[in-house]
Each structure stands twice: as C-alpha cells, then as structure tokens.
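Chains as they are written, first to last, in full-length UniProt numbering: chain A, 1 to 312; chain B, 1 to 312.
Virtual Cβ for every residue (Gly too), placed ideally from N, Cα, C.
Remember, predicted model here, so these are calculated numbers, not experimental data.
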C-alpha cells in the first residue's frame, strides 16, 4: 500500500465515486452465493456476469461441502500469495497450478472437442513465454548441440478435407536431452534454443532438425511442487515437442507430439497425453538420407501430419 | 526460474525422486474431474484429499458450466498473477478478493454459526497485518489526534451464561476519520495508530477512548478494484471498529462493531454486516462525565457487550 492513497486528489476522487448501493445483503451461510451473485447483477458485460455467477456458486458450494475452516482458508490464501510471488518473466506458477489441477487440459479440450479427422489439442504449458525465432525449413532448432539423439521431424498441415494449408506457421518448442527448457538455463544455452517458427511450403509441408526431447519434472521448487509432494504425486511430464499451428484461414491448434515409449505417458503430471498424439520416433540407419538432411547416421525420424480446422 | 534448477545436485535429486505413477489418465472432458481426483488418491492426509477432491470437482464443473474459453482462462491467470504481485507486507489482495467474493464471510459464518446468545462474528479483513500495542484500560488508541469525533467505547466480555471472562484480551483496530488505516498512511501517523490490545478486568469489563471511524473504500488501485469497477460494484465498507476477543478459556471471536447510521450498512463491499453488530454511537453532553474519561464535551459513547463461547 502506498501513501498516494491519501493524496488529496485520490481522496477527492474517492468522495466523487458514483456509489450505487448493492441490494440489501445481510449475510447468511444459506443464502451466501445468492447474495454475492446479486451484488454482480449490474455487471455491464453479460458474459462476465455469467462467469462470476457460476464462479461464486461453485466457490461457495466448495466451502460448504468441505465445511472449510478459517485456518484452512488462511492456508489457501498463503498458498495463492506464494504462487503469485513465484511468478516472474520466466516462470508462470499459476499456469502450472492450473495444469496440475487438470483445468488447463479441460479448457483446451472444451475449446477443441475431439473430431475424427482433426488433430487433437493439448495444453500450451508454462514455457511458451518467449517468441520462437523464425527459421528456414530444414534448419535445426538445437543451437546448443550439447548432446541428445539427433532427430528429423517432418509433417504436413492439411484441413479436414486433406487440402494443404500453404504457408501455415508451425511454432515448435521443447526441452533438451536433460529435460530443461532454454529459459531454465539462462546463460548456459543460446537464447531461444530448441524453439523455432517455421513456415510450411505450398504443399503444407514442414521439416526441421532437433534432438529427441527427454521426459522432465515441472519445476518443484515453488508452491505447486509443495502441493505435489503433499499429495504423493510425481512431477514428471512424458517427453514431447510442443507444436502450435496457425494460419489466417484456420483455427489455431495447440498440441504436443509425444515420444512413444517415454516414461509417464500414462501418468503425465498435467494430464496432457492423448493417445492420438503419441508417435514413434523411429531409428533410421541410412547414411545417404542422413547426409541429405545434414544429420549424423543413425538418426531418429518422426512424421507428424497435422489436420486443422478451417475457419467459418 | 533460477539457474539453480540446473545445479548438478538438484539434477541428481530430480533423478532420484521416487516416482509413483498415477493411475492411467487419458483425458476426456466428461471424466476430467474424476481423472484429476484419482491423481490425488494417495494423499496421506485424508482431510487434504477431501478438500482437493471437492475443489477439483467444483473447479471443473465451473469451467464446464460456462464453457470457459482459452482466452477467458488466460485472463483469469493474468488476474491471479497480478493479485499475487499486489500482495506485500502491508497489503493482502487475495484476502480482499476473498472478501469481495463473500468467501471470507462464508468461512467465518460456517466456523461460528449464529447462536442466540453469542455475539455474531464477521470477517477479519486485510488490515490486521500488524500486532496491536498493549494499552491500559481507558487509554486512547488515537495517538494521531488529527481530528474526528471523540468517542468512548465500553463493553464487557461474558460467556453464554453471563459469567464474566476475566482478563480476556480485546484487540481493536479501526480506520480514522478520513477512512484510512495506519498502514495506509506510513510516515503520516504514529505507527500502530488506532490499534490497541486491552485486557479486560476481573469483571470482564473493558473501555477505551478513540474517534468515530468513517466508512471507507477498500483499496481500489489493484486487480480487486478493477473487478469492482468492471462489475459496477462500489468499494465501500460501512463504518466499523474491528474487535477480536481471545482468552485461554474461550473460542476466539472475530467481529466488528458497526456505527449505526453509517452509509453502506446495506451494501457493505465485503458482505460483513450483521444486524446484531450495528450499535448506536450516542452523543453524550455531560461535562463531568467527559472530564472523568479525559474526553472533550460532548462526546459519543457506544457500549458493546460481547458474549463468547467457552471451550469444551
């Protein structure tokens, strides 16, 4: 709190505020959700009003269901405060909290219901906080070259009718062979290592070189880590490459390409795995093909055809 | 995120973590709450397990009820992050959020259900972040003496059978005649102005001098203020003195003494008003009585008998 709260201008502004009394609201536990929802009755935006009404209903129902004590409430306030204090430019603890509570995955799934021909979506996750650098098709995203199995990723972006989405943007980011993102190793690896923004060709095709990502724990040195420890949950995510596909003509797809055989495919800490997204990263032993792609032999190869939804 | 995440010791610790796979959890919107609740099945503390199960159930039901979009979810993440960043040693924005959503009042009411003879409770609020200084019965808590109507507060702490609670601690804190707490005016008013910790006498009686508090807005320069503005809600609290009564033999009572006739008694921003807590601050015009209490004449007087619950 700052002293400007007592500044005369602010004080005058406080006096001048238009004060619309809310409805009478003498509080009882029985009517609590109704009383609070009524206080939002004059919200100009009907969507915000609906969201707050449902939020208050469920928040109060939760407190009543478990008969939440004052001490438990206070522990919740401390947890949320610490979660906020853990967030900075390179860490988003609230997204991690949403992730481990399955809320991120639910919201993503509600937005893009499963559809026979469309590629399924999954969570964006908390590590997409920097823009991926534009790169040419076939380039490597592994600027650190600090180890890991060399890998070729190919794919083609089409719509549900199989028509290629020429020029689609394919944004990829991933952890390294030790399970760390670039933002977790500042100064140790090149800036924006293992990130790339590719532009599909006229036939919707894209390809890039990388290393096979490793499964990894989400950061556990903050309150979300404390929650996982207190509940006997592990913190690991199955190995994956993040893929987000955008184009002016299609709905954005945010998804993962999971590495078949990775540990934690059946117990991903953020519930992100969908079977259709698990792909074989096959070993290729072919010196000529390796040389053609600028890769050592042998290498791994995965093909990830992406089917996106046309707008309108 | 800090570089120590990649420290070899931490890395070894990550490798050594005991990893207990959660149950298979391929995600669907229909089964989302069940899948996430299952992931908490091995929580050692049964109370924590129950709370998280209910929380997940209601959180997912909320998202499904309103069909929460990814953009709305992201706005929620930003709101919570900003709320966390607004919290510091003299400001608790998450308590304010809980207050304006009626959750604080609900939890307080669930903990201390209305009872014919016991004094009703209300929210603690976000301004009890510093300890009140011990003061002698009859002292003033108004060290600033910067204006406001002089006031005598008297009361008696008894149990439900009318037996006095000798030596009960009566902790009081309040806003000044401009509607500000001491922590909102650092450097402008004496430290811990308008706060006091009194010890009731053998007959359970307490008394202190102060000024009549003013109604005031909760701080609106943070995200909670933004929420109130976006929903057309005012930010004012009816005028009140906070009173918390503790003793080894009784359950803690956290309540307010509201000033009859104050604006906002019927639309308090945090739903804190209960009719039984609204008291007349009567004008007393009696030079002898004023002199006996060390007050100017005329002065205001309120009597607040407090009935608390014996433990066990």
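Contact list for the region 103-122 of chain A against chain B, Cβ threshold 7 Å: When C-beta distances to chain B are compared with 7 Å, the residues of the region 103-122 of chain A below that value are 103, 105, 106, 107, 108, 109, 110 and 111, in chain order.
Alpha-carbon to alpha-carbon, residue 52(B) and residue 317(B): As shown, chain B starts at 1 and ends at 312. That puts residue 317(B) outside it, with no answer to give.
Residue 48(B), enclosing beta strand (DSSP E) - first and last residue: Per DSSP, residue 48(B) is not a residue of any beta strand (DSSP E); the alpha helix (DSSP H) it occupies stretches across 46-65.
Using a Cβ-Cβ distance under 7 Å, would residue 275(B) count as near chain A? It does: the Cβ of residue 275(B) has a partner Cβ on chain A nearer than 7 Å.
What's the gap between the Cα of residue 25(B) and the Cα of residue 33(B)? For residue 25(B), the predicted model reports a pLDDT of 48, less than 50, meaning its position is unreliable; a value from the coordinates is still stated below. For the pair residue 25(B) and residue 33(B), the Cα-to-Cα distance works out to about 11 Å.
Assuming residue 184(B) and residue 210(B) are in contact, meaning their beta carbons sit under 8 Å apart, how far apart are those beta carbons, in whole angstroms? Residue 184(B) to residue 210(B), Cβ: 17 Å. No contact.
Short Cβ contact (7 Å threshold) for residue 54(B) with residue 65(A): Yes, Cβ-Cβ distance for residue 54(B) and residue 65(A) is below 7 Å.
Boundaries of the alpha helix (DSSP H) in which residue 85(A) is found, first to last residue: Secondary structure note for residue 85(A): its alpha helix (DSSP H) is the uninterrupted segment 70-86.
Identify the contact partners of residue 314(A) in chain B, using a Cβ-Cβ distance below 9 Å as the criterion. No statement about residue 314(A) is possible, as the shown extent of chain A runs from 1 to 312 and does not include it.
Using the beta-carbon of each residue, which ones in chain A are nearer than 8 Å to residue 173(B)? The contacting residues do not exist; residue 173(B) stays about 15 Å from chain A at best.
Completely contained beta strand (DSSP E) runs for the region 173-229 of chain B, where each covers 3 or more residues: If only complete runs of 3 or more residues are kept, the region 173-229 of chain B shows the beta strand (DSSP E) at 195-199 and 205-211, in order along the chain.
When the cut-off is 7 Å and only beta carbons count, does residue 55(B) lie next to chain A? Judged by the 7 Å Cβ criterion, residue 55(B) is in contact with chain A.
Go ahead and label residue 117(A) buried or exposed: buried means 16 or more other beta carbons lie within 10 angstroms of its beta carbon, across all protein chains shown. Here residue 117(A) is exposed: its Cβ has fewer than 16 other Cβ atoms, across all protein chains shown, within 10 Å.
Using Cβ-Cβ distances below 7 Å, what residues of the region 234-256 of chain A are close to chain B? Cβ contacts with chain B: 234 and 236.
Rounded C-beta distance between residue 157(B) and residue 170(B)? I'm assuming under 8 Å. Sure, about 7 Å apart at Cβ, within 8 Å.
Close-in-space but distant-in-sequence residues of the same chain around residue 97(B) (CB under 7 Å, 5 per side omitted): By the criterion of a C-beta distance shorter than 7 Å, residue 97(B) is surrounded in its chain by 83 and 224, once the five residues flanking it on both sides are discounted.
Any idea which residues DSSP pairs residue 247(B) with across the strands? Among the bridge pairs identified by DSSP, residue 247(B) is matched with 250(B).
Okay, do the region 92-107 of chain A and the region 262-272 of chain A touch, 3+ Cβ pairs below 8 Å being the bar? The region 92-107 of chain A vs the region 262-272 of chain A: in contact.
Mind checking if residue 195(B) is an interface residue toward chain A, Cβ cutoff 7 Å exclusive? No Cβ of chain A is located within less than 7 Å of the beta carbon of residue 195(B).
Does the beta-carbon distance from residue 277(B) to residue 299(B) come in below 7 Å? No. Outside cutoff.
Under a three-way DSSP split, which group does residue 94(A) fall into? In this structure, residue 94(A) counts as helix in the three-state DSSP scheme.
Bridge partners for residue 310(A) per DSSP, in chain order? Answer by DSSP bridge pairing, in chain order: 250(A).
Beta-bridge pairing of residue 242(A) - partner residues as DSSP gives them: 173(A) and 256(A), per the DSSP bridge assignment.
Answer yes or no: does any C-beta atom of chain B fall closer than 7 Å to that of residue 232(A)? Closer than 7 Å: yes.
With a CB to CB cut of under 8 Å and the five nearest residues on each side skipped, what residues in its chain are close to residue 217(A)? By the criterion of a C-beta distance shorter than 8 Å, residue 217(A) is surrounded in its chain by 179, 234, 235, 236, 237 and 269, once the five residues flanking it on both sides are discounted.
Taking the alpha-carbon positions, what's the residue 146(B) to residue 123(A) distance? One Cα belongs to residue 146(B), the other to residue 123(A), and the distance between them is close to 56 Å.
Helix, strand or coil: how does DSSP classify residue 140(A) here? DSSP places residue 140(A) in strand when its eight states are reduced to three.
Using a threshold of 7 Å, state whether the C-beta atoms of residue 243(B) and residue 165(B) are closer than that. No; because the gap between Cβ atoms is not below 7 Å, this pair is not in contact.
Local Cβ density within 10 Å of residue 163(A), reported as buried at 16 or more and exposed below that: By the neighbour-count rule (16 or more Cβ atoms within 10 Å), residue 163(A) is not buried but exposed.
So for residue 25(A), helix, strand or coil by DSSP? Model confidence at residue 25(A) stands at a pLDDT of 48, short of 50, so the residue's coordinates are unreliable; what they give is reported in the following sentence. Secondary structure at residue 25(A): coil, using DSSP grouped into helix, strand and coil.
Is it the case that the Cβ atoms of residue 135(A) and residue 177(A) are separated by a distance below 7 Å? Their beta carbons are not under 7 Å apart, which means residue 135(A) does not touch residue 177(A) by this criterion.
In the DSSP output, what is residue 152(A) paired with across the bridge? According to DSSP, which records beta bridges pairwise, residue 152(A) is partnered with 209(A) and 301(A).
Reduced DSSP secondary structure (H/G/I, E/B, other) of residue 273(B): If DSSP states are grouped into helix, strand and coil, residue 273(B) belongs with coil.
Compare the C-beta of residue 199(A) with all C-beta atoms of chain B and state if any pair is closer than 7 Å. In terms of beta-carbon proximity, residue 199(A) stays away from the interface with chain B, with every pair separated by 7 Å or more.
When the Cα of residue 57(A) is compared with those of 75(B), 38(B), 93(B) and 106(B), which residue comes out closest? The residue among 75(B), 38(B), 93(B) and 106(B) with its C-alpha nearest the C-alpha of residue 57(A) is 106(B).
On the DSSP bridge list, what partners appear for residue 316(A)? Because residue 316(A) is not part of the residues shown, which for chain A are 1 to 312, the question remains open.
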